[in-house]
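J.: Handing you this structure, nothing more for now.
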Amino acid sequence: MSDARVLLVTAPTEQEPMDGRGFHDVDPDAPHLRVTDLGATRGDGVFETIGVIDGHPQSLTPHLERLAASAAILDLPRPRLDVWYAAVQAVLAAVDPAPELSVKLVLTRGEEGARRCTGWVRAAPAPDMSDARTRGVAVLTLDRGYRADIAETAPWLLQGAKYTSYAVNMAALRHARRSGAEDVIFVSSDGAVLEGPTASVVLRLGDELITPGTDQSILPGTTQDRVFRCASQAGLSTRARRVQAHELTETDHIWLVSSVRLCAPVRSLDGRDLRMDRELTAQMLMWLQRTHD
Ligand code: PLP
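Using my numbering, read the sequence shown as starting at 9 and increasing by one per residue.
Following this line, the structure appears as structure tokens:
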């Protein structure tokens with residue numbers, strides 16, 4: 009028996025008629041997707057992963073807003089955010105409590121020819137991230153194969169959307185693991201730092217925390233936004249801008265940040281050992297675990 013809970017969202021967008029609450033509980037161990045679902049056959053959908061700490065979904069509204077922004081980039085119908093909001097609350101009320109959970113929201117274009125989107129919400133215990141948070145991660149920089157302005161020059165590549173076609177991101181992680189590393193920082197073909205396959209990149213240069221700007225064809229990170237608010241409260245200045253790849257070699261303080269991992273310091277980059285900023289990491293982790301917006 010799975011310790012996950014799953015809700016099918018029957019009215020995920022304004023295209024589907026509203027029925028009751030717009031979602032219902034289903035058996036988490038039973039099949040629910042048809043083999044013709046375009047989410048499965050083409051990776052044609054969008055998703056969100058939300059961290060839940062002590063029952064509180066973190067940054068719920070920003071996640072829902074990003075789901076809507078991703079749907080717009082993919083020309084999907086507008087998600088009913090009130091339905092998704094209520095579905096997240098309902099799945100959290102149903103799942104067995106745990107100190108950390110993860111909730112995944114998926115919206116696909118639906119079955120071939122059906123003109124009806126598919127949606128579901130799944131809550132499950134979060135994977136244990138304590139090692140990455142405390143020991144740090146060994147990271148490899150990898151060429152993403154396009155320029156940092158690709159979102160503007162080729163919008164059909166869907167940069168900036170959190171869409172379900174993550175096969176490239178997963179392949180990059182496997183490549184890193186084959187090379188003895190644990191994670192990846194993508195760099196554009198014109199030398200800009202982008203993001204990780206499942207995380208935003210934050211680095212400290214002096215008393216400033218820096219992250220690649222969202223004009224660099226990357227996903228706007230909800231955790232990065234929270235890390236910056238924490239840093240401001242700690243008296244550090246923060247800036248989103250183009251980050252040149254060589255700047256990664258000029259600092260010992262780099263983090264990968266994302267919803268369920270929260271923040272993981274980079275222990276080594278391309279084989280070079282880094283002195284991690286343990287004090288700031290601990291401060292950020294505590295702040296991220298205690299605040300929910
Ligand atoms: N960038 C990418 C490509 C991601 O997949 C993710 C999260 O999965 C992030 C950044 C971090 O986003 P968030 O902090 O909202 O989880």
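Quick reminder that beta carbons are idealized off the backbone N, C-alpha and C, glycines included.
Whether or not the segment 255-264 and the segment 203-216 are in contact is what I'm after, with contact meaning three or more pairs of Cβ atoms, one per stretch, closer than 8 angstroms; do they touch?
T.: Cβ pair count under 8 angstroms is three or more, so yes.
J.: So, are the CB atoms of ALA248 and THR219 less than 8 angstroms apart?
T.: Against the sequence shown, residue 248 aligns to sequence position 240. Against the sequence shown, residue 219 aligns to sequence position 211. Yes.
J.: Got a sec: does ligand 1 put a non-hydrogen atom nearer than 7 angstroms to the Cβ of GLU203?
T.: In the sequence shown, residue 203 corresponds to position 195, counting from 1. Answer for GLU203: yes, Cβ within range of ligand 1.
J.: Nearer than 7 angstroms: is that true of the beta carbon of ILE61 relative to any heavy atom of ligand 1?
T.: Translated into positions along the sequence shown, residue 61 becomes position 53. False, no ligand heavy atom lies under 7 angstroms from that Cβ.
J.: Which residues in the same chain have their Cβ closer than 6 angstroms to the Cβ of HIS300, if we skip the five residues on either side of it in sequence?
T.: Along the sequence shown, read from residue 1 onward, the residue named residue 300 stands at position 292. These residues qualify, in order along the chain: HIS64 and GLN66.
J.: So, with DSSP's three-state summary, where would you put TYR171?
T.: Along the sequence shown, one-based indexing puts residue 171 at 163. Strand at TYR171.
J.: Under 8 angstroms, with one C-beta from each stretch per pair, do the segment 144-158 and the segment 186-200 reach the 3-pair mark?
T.: yes
J.: From ILE81 to PRO163, what does the alpha carbon distance come to, in whole angstroms?
T.: By one-based count along the sequence shown, residue 81 stands at place 73. By one-based count along the sequence shown, residue 163 stands at place 155. If I take the Cα positions, the gap works out to 8 angstroms.
J.: Is any heavy atom in ligand 1 found nearer than 7 angstroms to the beta carbon of LEU227?
T.: Here residue 227 is taken as the residue at index 219 of the sequence shown, counted from 1. LEU227: yes, Cβ under 7 angstroms from ligand 1.
J.: With hydrogens ignored, establish whether the beta-carbon of VAL176 is closer than 7 angstroms to any heavy atom of ligand 1.
T.: Here residue 176 is taken as the residue at index 168 of the sequence shown, counted from 1. The answer is no for VAL176.
J.: So, helix, strand or coil for ASP90, using DSSP?
T.: Residue numbering aside, residue 90 sits at position 82 when the sequence shown is read from its first letter. Helix at ASP90.
J.: PHE55 and THR172: beta carbons closer than 8 angstroms?
T.: Position 47 of the sequence shown, counting from 1, holds the residue named residue 55. Position 164 of the sequence shown, counting from 1, holds the residue named residue 172. Cβ distance < 8 angstroms, so PHE55 and THR172 count as in contact.
J.: In whole angstroms, what separates the C-alpha of LEU244 from that of ASP215?
T.: Taking the first residue of the sequence shown as 1, we reach residue 244 at position 236. Taking the first residue of the sequence shown as 1, we reach residue 215 at position 207. Straight-line Cα distance between these residues: approximately 6 angstroms.
J.: Going along the chain, which residues of its own chain have a beta-carbon closer than 7 angstroms to the beta-carbon of LEU165, five neighbours each way excluded?
T.: For this step, residue 165 is matched to residue 157 along the sequence shown. Correct list, in chain order: ILE158.
J.: Counting only beta-carbon separations shorter than 8 angstroms, does LEU115 have a partner in chain B?
T.: No chain B is present in this structure, which holds just one protein chain.
J.: Is SER208 near ligand 1, going by C-beta to nearest heavy atom under 7 angstroms?
T.: Translated into the one-based positions of the sequence shown, residue 208 becomes position 200. The answer is yes for SER208.
J.: Going by beta carbon distance, what residues of the same chain come within less than 8 angstroms of LEU293, once the five residues before and after it are set aside?
T.: Mapped onto the sequence shown, residue 293 falls at position 285. The residues are ARG141, LEU270 and CYS271.
J.: Under 8 angstroms between the Cβ atoms of ARG117 and GLY53?
T.: Taking the first residue of the sequence shown as position 1, residue 117 is located at position 109. Taking the first residue of the sequence shown as position 1, residue 53 is located at position 45. Yes, the Cβ-Cβ distance between ARG117 and GLY53 is below 8 angstroms.
J.: Taking only three categories from DSSP, how would you classify CYS125?
T.: Numbered from its first residue, the sequence shown carries residue 125 at position 117. Secondary structure of CYS125 (DSSP, three-state): coil.
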